[in-house]
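Residues 5 to 615 (the working numbering) are what the sequence shown spells out, left to right. Heads up, the beta-carbon is just placed ideally off N, CA and C, and yes, glycines get one too. This report concerns only the one structure given below.
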Amino acid sequence: MKFSQTFIPTLREVPADAVIASHRLMFRSGMLRKLANGLFAYLPLGLLSFRKVEQIIREEMNAIGSLEIKPSVVVPAELWKESGRWDAYGDALLRVKNRLGADFVVSPTAEEAFTSLVRDELSSYKQLPLSLYQINTKYRDEIRPRYGVMRGREFVMKDAYSFHASEASLDEHYQAMGRAYRRIFKRCGLSVIPVQADSGAMGGSGSEEFMVESEIGDNTLLFCKNCDYAANVEKAGCKPDFSPRPELARSATAGTPPLSKISTPGVKTIDELCAFLKTGADSFIKTLVYRAVNVELDLKAAPGCSGLKKERPAPGAPEVYPETFFAVAIRGDLDVNETKLAATLKASEVALAADSDVERLTGSPVGFAGPVGLGQIPVLIDHTVTAMTDAVTGALEADLHYQHAAYGRDFEGWLIADIRTVKAGDRCPLCGGELYEKKGNELGHIFKLGLKYSKPMKLSYLDEAGKSHTPVMGCYGIGVDRVLASIIEEHHDDNGIIWPMTIAPCQVIVIPVKYEGAVKDAADTLCAELEKEGVEVLLDDRNERPGVKFNDADLMGIPLRAVIGERNLAGDSPRAEIKARGEKESRLVELSRAAGDLAARVKKELEKLNG
Ligand SMILES: [Zn+2]
């Protein structure tokens, strides 16, 4: 490949909106250009690397028996209505109409399309397990796309979906996917951290995310200083720093004075209350009212819920309570983790209730709710509250709080659960070690879906005895653009990208100091020899100053560089100057041995990453 015959528009200046290294370097090295906010074009150099990431993913998927297919990106809205996501997905879903007025979706993900394809073909247990994948364009109408392709609106994702006759079969494939993902990231030269993630109603070990550490990461991750515990904050648990057993709380209340009311005029927030009572937030019980949508949990015995009726939102879907309210009591210095709360309630969505609902359900103005005497709605008690034997909390009346409230003596809850947001300094749930936080970006996610799509979309197969069953599913995604950008984040310096050999757009750049005469001949010969050795080579044949060529080679991050100049060609043994992108010093190699030398280094690097 000759530089003059390809299209690599390198830039000296940095695009104004590029705040992270990968965004800056993809533009400056001529890999990428912007078409509109969140929409990009990969130019030839960028596409070469992009295809290499795709190919690594493809090879690892094929190796575990997943089969590649290529469905359309635009899919009929009916499928999304069947799964319930036409309404549930929100504004990030790009909905389009065709000329006949029919609704379509520009796929942000493809559970519906794959489930529908399999539904039409599946009849017998003999067809299972089945694992299908695509490497295809996705579109999410993000409100604020930024950081280049790290968070674009249109992107390419590898998404796989698997179908199984048993949980054991699903688990086997899920584990194989986890191993394949680890190999993919290793081959891409990425240091990826697998973390436990929220698995919604599935629970257990049904969801793992693959993260890279990143200052701009949109995930908070918790790690243990002692053991290898790692979890997304959405999922992270912690060791109790309190006694969760009510009988212990009761005996501990022996010395607590009786519950009494104190006047707290105009004091509403925890900070105001702490200042007013001169206490810490951890001696206060914060009580929040949540509205939950599509709750699967049985509420027959819950306070204030006897009149509620379960409904089935779609045929085949589980019966749920469409709308319910809950009070959540938690220690005042902690935050409620809404993902954990939703998982506890088996709800599709939870959010803080409107002020009017809070006032109606607690009979008091916002800011004065508390678990003592709250009988209108079910009260969820976070574990931490069960250890509180002398607490301050709202008295369900304006300008009044209770003091000396004790769990087990003055109030109990309908359900005790772990719903706090774990933070740095909390104790590891496995070993009790101290937890610390890092920011991360998600590159991949593997997930056991169970019956989430197969049931409402009515997938079925017949077992050996001719009995009909619904298969369980898994889904497994990797963002290709994000992987590529993350590789640059991990492998660059002030001068540009430093590609791992597996992802580099080409493996060697040959730079003739001046592309003419004997230098031109030597460069052409070296390129021809390298190509014969199977090495991907870029020849910088431009009529530019050597400094410009060297800077561009560094910017583009080509792993190996061979410079041919007049000076080193003179004499009995003509030489080329060889240097790896990450190295400071170059070394002289006899021209006749240069191709073999470079090819051996390429091979060694590839083996190191692919091995
Ligand atoms: Zn630990």
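Query, Result
"For R605, which residues from the same chain have a beta carbon less than 7 Å from its beta carbon, with the 5 sequence-adjacent residues on both sides left out?", "L564"
"When we look at the beta-carbon of K553 and count the other beta-carbons within 10 Å, is it buried (16 or more) or exposed?", "buried"
"My output table needs one value for C479: the three-state DSSP class, helix, strand or coil.", "strand"
"Whether or not the stretch 80-92 and the stretch 142-151 are in contact is what I'm after, with contact meaning three or more pairs of Cβ atoms, one per stretch, closer than 8 Å; do they touch?", "no"
"For the stretch 97-124, list the beta strand (DSSP E) runs that are entirely contained and at least 3 residues long, ordered along the chain.", "98-101 and 107-110"
"Please confirm whether G69 and S135 have their CB atoms less than 8 Å apart.", "yes"
"Use the C-beta contact count for A598: other C-beta atoms within 10 angstroms, 16 or more gives buried, fewer gives exposed.", "buried"
"In this structure, does DSSP put V199 in helix, strand or coil?", "strand"
"Looking at ligand 1, does it come within less than 7 Å of L434, judged from the CB to the closest heavy atom?", "yes"
"What first and last residue would you give for the beta strand (DSSP E) that runs through R591?", "R591 to E594"
"Hey, how far is the Cα of R335 from the Cα of S368?", "20 Å"
"Helix, strand or coil for N547, going by three-state DSSP, please let me know.", "coil"
"I believe E300 touches V324 by the beta-carbon criterion, under 8 Å. Please report the beta-carbon distance rounded to the nearest angstrom.", "5 Å"
"Short of 6 Å in beta carbon distance, which residues of its chain neighbour C278, apart from the five on each side in sequence? Order them along the chain.", "A285"
"Compute the Euclidean distance between the alpha carbons of D576 and N41, then round it to the nearest angstrom.", "57 Å"
"Based on DSSP bridge pairs, tell me the residues matched to R431.", "E438"
"Verify the contact flag: Y440, CB atom, against every heavy atom of ligand 1, threshold strictly below 7 Å.", "no"
"With respect to 7 Å, is the separation between the Cβ of N499 and the closest non-hydrogen atom of ligand 1 below this value?", "no"
"Could you have a look at T10 and say whether DSSP puts it in helix, strand or coil?", "coil"
"On a CA-only basis, which of L542, I12 and R546 is nearest K518? Give me that one, please.", "R546"
"Could you check if L559 is buried or exposed, using at least 16 other CB atoms within 10 Å of its CB as the buried criterion?", "buried"
"Relative to the C-alpha of F329, which residue among R183, C309 and A526 is closest?", "C309"
"At the level of alpha carbons, what is the spacing between M505 and L610?", "6 Å"
"In the structure shown, what three-state DSSP assignment does Y129 receive?", "helix"
"Please go through the same chain and pick out, in chain order, the residues whose beta-carbon is closer than 7 Å to the beta-carbon of G208, but skip the five residues on each side of it.", "Because G208 carries a pLDDT of 49, less than 50, the predicted location of this residue cannot be relied on, and the following value inherits that uncertainty. Nothing meets the Cβ criterion."
"Can you tell me whether D339 is helix, strand or coil according to DSSP?", "coil"
"Would you say the beta carbon of C228 comes nearer than 7 Å to a heavy atom of ligand 1?", "yes"
"Say whether the stretch 119-137 touches the stretch 165-176, bearing in mind that this needs 3 or more beta-carbon pairs closer than 8 Å, one atom from each stretch.", "yes"
"When the distance is taken between beta carbons, is L613 closer than 8 Å to E441?", "no"
"How big is the Cα-Cα spacing for E570 and P19?", "37 Å"
"Residues in the same chain with beta-carbon distance under 8 Å from E327, minus the five sequence neighbours each way, listed in chain order, please.", "R295, A296 and V297"
"Using 7 Å as the cut-off, classify the Cβ of Y129 as near or not near the heavy atoms of ligand 1, replying yes or no.", "no"
"Using CA atoms only, rank isn't needed, just tell me which of M154, C479 and F108 is closest to F118.", "C479"
"Taking only heavy atoms of ligand 1 into account, decide whether any of them is closer than 7 Å to the Cβ of C231.", "yes"
"With a threshold of 8 Å, are at least 3 pairs of Cβ atoms found where one atom belongs to the stretch 448-455 and the other to the stretch 471-478?", "yes"
"With 16 as the cutoff for other CB atoms within 10 Å, does F7 come out buried or exposed?", "buried"
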